[in-house]
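Numbering (my numbering), first residue to last: 9 to 347.
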Ligand SMILES: *[C@@H]1O[C@H](CO)[C@@H](O)[C@H](O)[C@H]1NC(C)=O
Ligand SMILES: *[C@@H]1O[C@H](CO)[C@@H](O)[C@H](O)[C@H]1NC(C)=O
Ligand SMILES: *[C@@H]1O[C@H](CO)[C@@H](O)[C@H](O)[C@H]1NC(C)=O
Ligand SMILES: *[C@@H]1O[C@H](CO)[C@@H](O)[C@H](O)[C@H]1NC(C)=O
Ligand SMILES: *[C@@H]1O[C@H](CO)[C@@H](O)[C@H](O)[C@H]1NC(C)=O
Ligand SMILES: *[C@@H]1O[C@H](CO)[C@@H](O)[C@H](O)[C@H]1NC(C)=O
Ligand SMILES: *[C@@H]1O[C@H](CO)[C@@H](O)[C@H](O)[C@H]1NC(C)=O
């Protein structure tokens with residue numbers, strides 16, 4: 009009886025904290041148990057530190073914004089967000105750990121969960137909170153999962169990240185699917201590092217301007233991996249706004265977009281970055297990450313004639329197996345580019 013009352017009071021308290029700030033929750037997340045370490049016996053089931061936005065007015069350094077400044081709060085040893093190459097990663101987006109099925113206090117046993125990524129807040133003013141019809145993506149910022157083929161968080165840089173999956177219909181639903189490209193290389197022994205990236209739009213009741221979201225995970229690529237290819241750190245090109253002029257979109261692997269930070273921004277202040285076609289993204293698996301992994305003669309020639317610099321660039325990133333057997337050096341290319 010007392011326990012039930014405590015749970016009721018506690019959930020009522022949480023209800024007041026509902027807001028439009030969001031994160032993708034997983035036991036691989038850095039900072040999910042903040043202010044405690046993930047390994048601490050004390051679990052903060054009512055945790056929302058990682059969802060707080062990164063604002064222009066905060067004048068943040070890379071150490072402060074990258075991975076929500078949580079690189080010193082690693083997940084428990086052995087916890088990874090598992091991304092199935094050629095399959096779908098099913099995750100949960102919420103404004104508090106308490107509102108996820110995976111990370112909720114066990115005694116709540118799935119209570120208080122909604123189909124939406126937390127109700128209320130400015131995020132939902134344009135799209136009504138109904139399960140049908142589905143939301144109109146026009147005013148959703150879209151979200152992106154990016155990966156770096158390293159487990160070394162101390163040397164990881166924002167520009168190391170390469171986007172592998174986008175979901176245009178987010179943030180809206182709590183449960184989210186990210187389609188993971190087939191044939192990604194396997195991760196190194198200690199796993200990979202991944203980030204989740206989002207901007208909500210401003211000015212249409214869908215959020216405030218000048219807020220960035222960036223959370224960090226230990227992750228691993230499972231499923232239909234291909235060890236004959238590799239994806240270098242820093243392999244992505246910075247996206248540009250191309251609007252409806254698809255010919256000017258950046259193609260091939262792309263980095264996440266970083267704006268409004270005191271340090272490390274790679275995008276102009278406006279338009280608000282968005283994981284949408286207008287910035288060169290497709291909805292789902294970013295298959296162009298692997299576009300030159302095994303090029304046919306024709307497609308290679310076509311790509312070379314239309315965009316030689318991109319082709320050469322990609323050629324250093326993803327080496328087809330036949331190429332690798334001909335070279336003495338089968339090492340994975342590692343390239344770092346400055347911010
Ligand atoms: C673990 O939690 C205790 C309180 O329960 C606290 O004193 C301690 O500093 C915490 N340690 C870490 C590493 O978070
Ligand atoms: C932003 O922070 C930098 C140091 O990181 C400092 O030099 C600068 O004056 C700050 N700018 C504002 C507007 O606070
Ligand atoms: C959790 O809830 C489900 C129904 O939603 C029920 O079948 C199950 O017994 C509950 N488990 C516990 C431990 O209360
Ligand atoms: C989505 O919203 C945009 C902007 O308001 C509108 O132009 C478009 O027709 C809408 N799409 C659908 C399917 O309702
Ligand atoms: C985006 O996630 C939703 C669930 O929230 C899912 O229905 C949809 O298929 C996903 N879109 C893509 C392109 O994977
Ligand atoms: C990552 O997944 C692969 C394939 O399932 C597995 O062999 C490997 O041990 C995993 N790595 C880690 C660090 O768990
Ligand atoms: C592309 O957008 C511009 C300005 O936003 C508009 O003038 C033009 O008509 C659009 N073109 C197409 C093909 O929709």
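Ideal Cβ placement from N, Cα and C applies to all residues, glycine included.
Roughly how many whole angstroms lie between the Cα atoms of residue i and residue j?
i           : j           : result
residue 193 : residue 295 : 13 Å
residue 87  : residue 212 : 39 Å
residue 143 : residue 216 : 19 Å
residue 28  : residue 140 : 21 Å
residue 32  : residue 204 : 7 Å
residue 252 : residue 279 : 14 Å
residue 174 : residue 293 : 7 Å
residue 274 : residue 115 : 44 Å
residue 119 : residue 108 : 9 Å
residue 82  : residue 165 : 16 Å
residue 178 : residue 48  : 32 Å
residue 84  : residue 172 : 24 Å
residue 134 : residue 207 : 16 Å
residue 260 : residue 163 : 25 Å
residue 52  : residue 262 : 35 Å
residue 40  : residue 232 : 29 Å
residue 189 : residue 127 : 31 Å
residue 57  : residue 200 : 23 Å
residue 45  : residue 146 : 38 Å
residue 286 : residue 276 : 15 Å
residue 93  : residue 240 : 17 Å
residue 89  : residue 218 : 28 Å
residue 123 : residue 95  : 22 Å
residue 104 : residue 38  : 14 Å
residue 97  : residue 184 : 8 Å
residue 170 : residue 60  : 23 Å
residue 187 : residue 258 : 20 Å
residue 254 : residue 202 : 28 Å
residue 117 : residue 50  : 19 Å
Going by beta-carbon coordinates alone, are residue i and residue j separated by less than 8 Å?
i           : j           : result
residue 42  : residue 55  : yes
residue 106 : residue 125 : no
residue 288 : residue 250 : yes
residue 271 : residue 70  : yes
residue 182 : residue 121 : yes
residue 36  : residue 226 : yes
Assuming the contact rule is C-beta atoms closer than 8 Å, residue i and residue j should be a hit. Round their C-beta distance to whole Å, please.
i           : j           : result
residue 62  : residue 149 : Not confirmed; about 14 Å, so no contact.
residue 77  : residue 167 : Going by Cβ atoms, the distance from residue 77 to residue 167 rounds to 18 Å, so no, they are not a contact pair.
residue 298 : residue 229 : So it is not a contact: roughly 12 Å between Cβ atoms.
residue 99  : residue 34  : 6 Å
residue 291 : residue 180 : So it is not a contact: roughly 13 Å between Cβ atoms.
Please classify residue i: is it buried, with 16 or more other beta-carbons within 10 angstroms of its beta-carbon, or exposed?
i           : result
residue 138 : exposed
residue 247 : buried
residue 110 : exposed
residue 151 : buried
residue 112 : buried
residue 235 : exposed
residue 30  : buried
residue 154 : buried
residue 80  : exposed
residue 65  : exposed
residue 245 : buried
residue 136 : exposed
residue 67  : exposed
residue 256 : exposed
residue 320 : Any answer about residue 320 is weak, because its pLDDT of 36 lies below 50 and its placement is not dependable; what the coordinates show is given next. Answer is exposed; the Cβ neighbour count stays below 16.
Should the segment 253-271 be regarded as contacting the segment 220-231, the criterion being three or more beta carbon pairs within less than 8 Å?
yes
Inter-stretch contact (C-beta, 8 Å, three-pair minimum) for the segment 159-166 and the segment 194-205:
yes
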